[in-house]
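In our numbering, the protein residues as written are -13 to 194.
Notes follow once the structure below has been shown.
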């Protein structure tokens, strides 16, 4: 949908102001040398940049969720985020190996809220969903992924909707838009099924 337009920092900023949604490309906003970008592609494995990048959010957000591929990195990443002045954040590592809040397995969480750090484990059932098969989070080509997103936001794919609920619910909880993760899960589903999410997507598509 014309995502390259977000490489313009003014456009990205205006999109956030108008829709509450924007996209910040790592390559554009972190200004990595071309040789380094190519080297990371050739390596094909996670490097220190996978941990450093999310800590250098150019939007200077007060709240943040970061997926962490190696849970041993979570304490030091938490210290850095606190030093940067984050009001609240969640670091998450799925037991199935994904750097997300997993809808398929337990997730190790390090949460910073109200000036205190808490470590705990979340399960898909904590979000009011059944544990899903890993195929529920598989994507494909850009065109396939766009179709998946469109079906989710139009309430057409129940399994995929469940797959995104944990992350969306946690995001709403972290930024204090919902008082609990279950309230966040309810609000996430409500926003999809009442058509608000699809309407926002349509507005964004019309203006890109």
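Built from N, CA and C at the ideal position, the CB exists for glycine as well.
Cut-off 6 Å between Cβ atoms - residues of its own chain near residue 78, not counting five sequence neighbours on either side
Excluding residues up to 5 positions away in sequence, 53, 87, 93 and 95 lie with their Cβ nearer than 6 Å to the Cβ of residue 78 in the same chain.
Name the residue from 106, 152, 109 and 145 whose alpha carbon lies nearest to the alpha carbon of residue 119.
The option with the nearest alpha carbon to residue 119 is 145.
What residue from -2, -4, 12 and 172 has the CA that sits closest to residue 114's CA?
Nearest C-alpha to residue 114: 172.
For residue 162, does the three-state DSSP call read helix, strand or coil?
Three-state result, residue 162: coil.
Per the contact definition of three or more C-beta pairs closer than 8 Å, is the region 123 to 136 in contact with the region 104 to 114?
With the cut-off at 8 Å, the region 104 to 114 and the region 123 to 136 do not touch.
With distances taken Cα to Cα, identify the nearest neighbour of residue 150 among 163, 89, 44 and 182.
Per the Cα distances, 89.
For residue 170, the first and last residue of its enclosing alpha helix (DSSP H)
Run containing residue 170: 167 to 179, per the alpha helix (DSSP H) assignment.
Close-in-space but distant-in-sequence residues of the same chain around residue 133 (CB under 7 Å, 5 per side omitted)
There are no such residues.
Can you give me the C-alpha to C-alpha distance between residue 71 and residue 97, rounded to a whole angstrom?
As the crow flies, the alpha-carbon of residue 71 is around 14 Å from that of residue 97.
Mind listing, in chain order, the continuous beta strand (DSSP E) runs of no fewer than 3 residues lying wholly within the region 26 to 87?
Counting only runs of 3 or more, we get 49 to 53 and 74 to 80.
Neighbourhood of residue 139 by C-beta, 6 Å cutoff - its chain only, sequence neighbours within 5 removed:
Here residue 139 has 183, 184 and 187 as same chain residues with Cβ atoms under 6 Å from its own Cβ, once five neighbours each way along the sequence are excluded.
Rounded C-alpha distance that separates residue 46 from residue 155
Rounded to the nearest whole angstrom, the CA to CA distance from residue 46 to residue 155 is 22 Å.
Could you give the DSSP three-state label for residue 117: helix, strand or coil?
In the structure shown, residue 117 sits in coil (DSSP, three-state: anything other than H, G, I, E or B).
Pairwise C-alpha distance: residue 50 and residue 157:
Going by the C-alpha atoms only, they are around 8 Å apart.
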